[in-house]
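Participant: Quick one: structure below, then a few questions.
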């Protein structure tokens, strides 16, 4: 059998780990994969490691890019298989509270989709189990919970103009990242913890803790997310952060995923997206969000934003409060308010989505470097797999598949 090719994956977020797992497992002995990263899922939480803070609901985003659409669909199918296996008692995942199948209900203040067309032609999630458009009667049940009502008590009730329902998967980001790490190790993969300032350091062969250099890799996969902006030798200035702030609460009674897409910007939260989302996870925690602040690098939660996130969320979805609280409030003829959910807060989250002007970079090039050994300039295949913005989990397996194809085409 031929000597395995040495592959280095830079980055240990969900994109890097998924890519490393795919190459190590599918290679069937052809590859020896090493993940090189400054931060691993086992480390303390930090702003530099975005995947910790992900909502990780597996939904397909609208796009005209066929490859991007396939990447998302391939990822959904893989996550659905993993969630189903966990339900059926898979020993690797059944007791780890990683995956949760949920009903996603999306409400739009204005009509977005042409619901007279076939589902697979008009809605990006039209292929997901149970997809349908909500009826007028169903939309009327949340009349008065649109953005106008959330921000102004004087606004009259009005129902959303359109809504959809389908079944998908939510992923507990931290538990999943730890599981991916273990899966990679069991497949024979290795980790090397190091901050890499310039890609040339990797091309030349990293030094171990004793200062002994390893042989140069046969290929490198760059999955460094927002860090690619400052990675020497790449320095992609098209990368920029989209800051997202969330509130994580303990609400195990929430078993559906409602989302409200507003028709106007929520100025009080300082962004232009106008969205409330509620993402239940398998361990009973719920992620409530959120915000989309472009070019905002601030790493800590802003208390006023956290307060407003919860205020608009509980107005839209009073079921965030416990059944006991809701029953008591109903008997007293009172509405559910912020005070009824504040005691459920586990932590506030902030993540910097690794966005890129022009979208995901998923391509391969031969990078030249001079080892200064007298044997001339070398060319090493470098696969770039980064810039997924808010779609890291939603694109992880599909992007890993493409990265593997690019790798094999270049070796």
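Residue numbers (mature numbering (1 follows the signal peptide of the UniProt record, and there is no 0)): -20 to -1, 1 to 391.
Ideal placement from N, C-alpha and C gives every residue a C-beta, glycine not left out.
Which partner residues does residue 84 have in the DSSP bridge list?
Facilitator: As a position in the chain shown, residue 84 is number 104, starting the count at 1. Note: residue 84 sits in a beta bridge opposite 146 and 237.
Participant: Could you tell me if residue 295 is buried or exposed, where buried requires 16 or more neighbouring beta carbons within 10 angstroms of its beta carbon?
Facilitator: By one-based count along the chain shown, residue 295 stands at place 315. So residue 295 counts as buried.
Participant: For residue 108, name the three-state secondary structure that DSSP assigns.
Facilitator: Counting from one through the chain shown, the residue named residue 108 turns up at place 128. In this structure, residue 108 counts as coil in the three-state DSSP scheme.
Participant: With C-beta atoms as the reference, is residue 79 less than 8 Å away from residue 262?
Facilitator: Locating residue 79 in the chain shown gives position 99, counting from the first residue. Locating residue 262 in the chain shown gives position 282, counting from the first residue. Contact flag set, yes.
Participant: Among 62, 106, 231 and 345, which one has its Cα closest to the Cα of residue 81?
Facilitator: For the purposes of this step, residue 81 is taken as the residue at position 101 of the chain shown. Nearest option by C-alpha distance: 62.
Participant: Would you kindly work out how many angstroms separate the C-alpha atoms of residue 77 and residue 201, rounded to a whole number?
Facilitator: On the chain shown, residue 77 is found 97 positions in, with the first residue counted as 1. On the chain shown, residue 201 is found 221 positions in, with the first residue counted as 1. Taking the straight line from one Cα to the other gives about 30 Å.
Participant: Which stretch, first to last residue, makes up the alpha helix (DSSP H) that contains residue 283?
Facilitator: The residue you call residue 283 lines up with position 303 of the chain shown. Run containing residue 283: 283 to 296, per the alpha helix (DSSP H) assignment.
Participant: Do residue 384 and residue -6 have their beta-carbon atoms positioned less than 8 Å apart in this structure?
Facilitator: Numbered from its first residue, the chain shown carries residue -6 at position 15. Numbered from its first residue, the chain shown carries residue 384 at position 404. Not in contact: residue -6 and residue 384 (Cβ atoms no closer than 8 Å).
Participant: Kindly confirm or deny that the stretch 313 to 320 and the stretch 183 to 195 touch, where touching means at least three C-beta pairs closer than 8 Å.
Facilitator: Taking 8 Å as the limit for Cβ pairs, the verdict is that the stretch 183 to 195 does not touch the stretch 313 to 320.
Participant: So what does residue 342 bridge to, in DSSP terms?
Facilitator: The residue you call residue 342 lines up with position 362 of the chain shown. Bridge partners of residue 342: 365.
Participant: Return the first residue and the last residue of the alpha helix (DSSP H) that residue 120 is part of.
Facilitator: Along the chain shown, read from residue 1 onward, the residue named residue 120 stands at position 140. Where residue 120 is concerned, the enclosing alpha helix (DSSP H) stretches over 116 to 120.
Participant: At the level of alpha carbons, what is the spacing between residue 146 and residue -1?
Facilitator: Walking along the chain shown from the start, residue 146 turns up at place 166. Walking along the chain shown from the start, residue -1 turns up at place 20. Straight-line Cα distance between these residues: approximately 31 Å.
Participant: If contacts are defined as beta-carbon pairs under 8 Å, then residue 293 and residue 300 qualify, I think. What distance do you get, rounded to the angstrom?
Facilitator: Within the chain shown, residue 293 is the residue found at index 313, counting from 1. Within the chain shown, residue 300 is the residue found at index 320, counting from 1. At roughly 6 Å, the Cβ-Cβ gap stays under 8 Å, so residue 293 and residue 300 are in contact.
Participant: Over what stretch of residues does the beta strand (DSSP E) that includes residue 391 continue unbroken?
Facilitator: The count along the chain shown starts at 1 and reaches residue 391 at position 411. That residue, residue 391, is in no beta strand (DSSP E); it is neither H nor E in DSSP.
Participant: Is it a yes or a no for the stretch 343 to 362 touching the stretch 325 to 335, going by three-plus beta-carbon pairs under 8 Å?
Facilitator: Cβ pair count under 8 Å is below three, so no.
Participant: Using a threshold of 8 Å, state whether the C-beta atoms of residue 268 and residue 305 are closer than that.
Facilitator: Within the chain shown, residue 268 is the residue found at index 288, counting from 1. Within the chain shown, residue 305 is the residue found at index 325, counting from 1. Taking 8 Å as the Cβ cut-off, residue 268 and residue 305 do not qualify as a contacting pair.
Participant: Assign residue 110 to one of two classes, buried (16 or more other C-beta atoms within 10 Å of its C-beta) or exposed (fewer than that).
Facilitator: The residue you call residue 110 lines up with position 130 of the chain shown. So residue 110 ends up on the exposed side.
Participant: Counting only the same chain and skipping the five closest in sequence on each side, list residues whose C-beta sits under 7 Å from that of residue 214.
Facilitator: Counting from one through the chain shown, the residue named residue 214 turns up at place 234. Same-chain partners within the cutoff: 179, 202 and 208.
Participant: Check whether the stretch 167 to 179 and the stretch 46 to 59 touch, using three or more Cβ-Cβ pairs below 8 Å as the test.
Facilitator: Verdict: no, contact absent.
Participant: Quick one, are the C-beta atoms of residue 37 and residue 237 less than 8 Å apart?
Facilitator: Counting from one through the chain shown, the residue named residue 37 turns up at place 57. Counting from one through the chain shown, the residue named residue 237 turns up at place 257. Yes.
Participant: Is residue 160 helix, strand or coil when you go by DSSP?
Facilitator: Position 180 of the chain shown holds residue 160. Reduced to three states, the DSSP call for residue 160 is helix.
Participant: Along the beta strand (DSSP E) that carries residue 272, what are the first and last residues, could you check?
Facilitator: Counting from 1 along the chain shown, the entry for residue 272 is found at position 292. Where residue 272 is concerned, there is no enclosing beta strand (DSSP E), given that its DSSP letter is neither H nor E.
Participant: Suppose you measure from the CA of residue 29 to the CA of residue 116; what does that come to, to the nearest Å?
Facilitator: Within the chain shown, residue 29 is the residue found at index 49, counting from 1. Within the chain shown, residue 116 is the residue found at index 136, counting from 1. One C-alpha to the other measures close to 42 Å.
Participant: Which residues in the same chain as residue 346 place their Cβ atom closer than 8 Å to its Cβ, once the five residues preceding and following it in sequence are excluded?
Facilitator: Walking along the chain shown from the start, residue 346 turns up at place 366. Counting only Cβ-Cβ distances below 8 Å, and skipping sequence neighbours, we find 359, 360, 361, 362 and 390.
Participant: Among 224, -11 and 49, whose alpha-carbon lies nearest the alpha-carbon of residue 276?
Facilitator: Counting from one through the chain shown, the residue named residue 276 turns up at place 296. For the residues 224, -11 and 49, the minimum Cα distance to residue 276 belongs to 224.
Participant: Rounded to a whole number of angstroms, what is the C-alpha to C-alpha distance between residue 92 and residue 342?
Facilitator: Stepping through the chain shown from its first residue, residue 92 is reached at position 112. Stepping through the chain shown from its first residue, residue 342 is reached at position 362. Computed Cα separation, rounded: 29 Å.
Participant: Need the endpoints of the beta strand (DSSP E) that residue -11 sits in, please.
Facilitator: Within the chain shown, residue -11 is the residue found at index 10, counting from 1. Looking at the DSSP string, the run of the beta strand (DSSP E) that includes residue -11 is -16 to -11.
Participant: Could you spell out the range, first to last residue, of the beta strand (DSSP E) harbouring residue 316?
Facilitator: By one-based count along the chain shown, residue 316 stands at place 336. Per DSSP, residue 316 belongs to no beta strand (DSSP E) and is neither H nor E.
Participant: Specify the secondary structure class of residue 356 as computed by DSSP and reduced to three states.
Facilitator: As a first step, residue 356 must be located in the chain shown, where it is residue number 376. Coil at residue 356, not helix or strand.
Participant: Taking the alpha carbon of residue 85 as the reference point, which residue from 368, 279, 325 and 258 has its own alpha carbon closest?
Facilitator: For this step, residue 85 is matched to residue 105 along the chain shown. That would be 258, whose Cα lies nearest to the Cα of residue 85.
Participant: Give the secondary structure of residue 151 by DSSP, where H, G and I count as helix, E and B as strand, and everything else as coil.
Facilitator: In the chain shown, the residue the question calls residue 151 occupies position 171. Strand.
Participant: Does the Cβ of residue 161 have 16 or more other Cβ atoms within 10 Å, making it buried, or fewer, making it exposed?
Facilitator: Counting from one through the chain shown, the residue named residue 161 turns up at place 181. Looking at its Cβ environment, which holds 16 or more other Cβ atoms inside 10 Å, residue 161 is buried.
Participant: Taking only the alpha-carbon atoms, compute the straight-line gap between residue 242 and residue 89 and give it to the nearest angstrom.
Facilitator: Along the chain shown, one-based indexing puts residue 242 at 262. Along the chain shown, one-based indexing puts residue 89 at 109. Between residue 242 and residue 89, the C-alpha separation is close to 5 Å.
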